[in-house]
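So for the sequence shown, the working numbering puts the first residue at 150; every next one is plus one.
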Amino acid sequence: MKFGQLLQQRCSIFPPEVSEKVLNYKHLKKSISNFTKSRAAGADVDAVQFLEDWMILFRREVHKFNAYFVEAADEEEFNVAQYEADHKHKKPVPRADVKESYIAAQELKFFVELNKVAARKILKKLVKNFPEHDAMLWYTQEGLELPAFQDTMYPIIRRLVAIHAHMFHDGKCNLAEMELDYSTSCSSEVLSYLMEVEDLHAMPDLSSVPHFYASQSASVNT
150 MKFGQLLQQR
160 CSIFPPEVSE
170 KVLNYKHLKK
180 SISNFTKSRA
190 AGADVDAVQF
200 LEDWMILFRR
210 EVHKFNAYFV
220 EAADEEEFNV
230 AQYEADHKHK
240 KPVPRADVKE
250 SYIAAQELKF
260 FVELNKVAAR
270 KILKKLVKNF
280 PEHDAMLWYT
290 QEGLELPAFQ
300 DTMYPIIRRL
310 VAIHAHMFHD
320 GKCNLAEMEL
330 DYSTSCSSEV
340 LSYLMEVEDL
350 HAMPDLSSVP
360 HFYASQSASV
370 NT
């Protein structure tokens with residue numbers, strides 16, 4: 150199965166309003182393919198101009214998914230801060246709300262890694278088709294700004310586990326994390342594995358996992 154098909158398959162876990170924020174690998178690949186076909190056919194084409202225009206499109210795609218990540222991460226930060234404040238002032242924090250936030254954080258991890266792999270893949274394809282412009286493309290890759298999930302979301306995930314542990318597990322974080330991981334319908338080992346892969350072919354297919362990208366009451370109310 151080709152990478153584009155695999156990417157589409159993995160994106161099927163997202164609702165439409167989120168999947169449209171994923172880097173448009175198909176469009177970027179098609180633009181490269183159309184140019185190389187025209188060049189091979191002997192058309193008078195300007196490779197430098199094409200690359201400049203293509204990189205504008207690429208950076209727009211990167212900005213698109215990065216902006217969604219930042220917005221979603223800010224929302225998670227707000228929720229966690231509210232849980233911590235309520236807990237500090239002895240206000241009840243619904244168990245389901247903490248689980249829902251944990252699910253959202255793990256979903257965001259998958260979203261980030263999916264986009265990182267897609268971005269690296271399309272840049273490799275670009276370099277392969279334009280070896281004569283290595284210096285120009287090297288700058289593009291080196292200047293690529295991708296979300297640093299570990300700097301933003303890992304602390305939030307740990308805080309969610311701590312809150313859940315103090316409220317429901319006598320401070321035992323291992324038990325709290327086990328319950329929260331179970332609520333995602335996906336083990337922490339599988340999710341953490343996503344942080345290590347470079348190739349989407351190695352990423353597990355989560356499209357058939359129930360409730361992975363939804364906070365249905367069945368997965369958060371227990």
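All C-beta atoms in this analysis are idealised placements derived from N, C-alpha and C, irrespective of residue type, glycine included.
- Of the candidates V167, S161, V171, E166, the residue whose Cα lies closest to the Cα of N264 is V171.
- Here S161 carries a coil assignment [DSSP, helix/strand/coil].
- Less than 8 Å separates the beta-carbon of L257 from that of A222.
- A distance below 7 Å between beta-carbons, with the five flanking residues on each side excluded, links F199 to the following residues of its chain, in chain order: F184.
- In the structure shown, P243 falls within a coil segment according to DSSP collapsed to helix, strand and coil.
- For the set M302, R208, I181, the Cα lying nearest the Cα of D195 is the one of I181.
- With contacts defined as CB atoms closer than 8 Å, R308 and E210 fail to qualify as a contacting pair.
- Rounded to the nearest angstrom, the gap between the Cα atoms of C322 and L155 is 35 Å.
- Here I205 is exposed, its C-beta having fewer than 16 other C-beta atoms within 10 Å.
- The DSSP-derived three-state label of E169 is coil.
- For A267 and Y251, the gap between their C-alpha atoms comes out near 25 Å.
- Annotation: W203 to F163 spans about 27 Å, alpha carbon to alpha carbon.
- Cα atoms of S332 and E166: separation of roughly 23 Å, rounded to the nearest angstrom.
- Per the C-alpha coordinates, the member of H313, F227, L324, H318 positioned closest to T301 is F227.
- Annotation: F279 to G191 spans about 16 Å, alpha carbon to alpha carbon.
- When secondary structure is reduced to three states using DSSP, K237 falls in the helix class.
- When secondary structure is reduced to three states using DSSP, H282 falls in the helix class.
- Just measuring C-alpha positions, the residue of P241, E225, K270, A325 sitting nearest Y303 is E225.
- Taking C-beta atoms under 8 Å as the contact rule, K277 and K178 fail to qualify, at a distance of about 12 Å.
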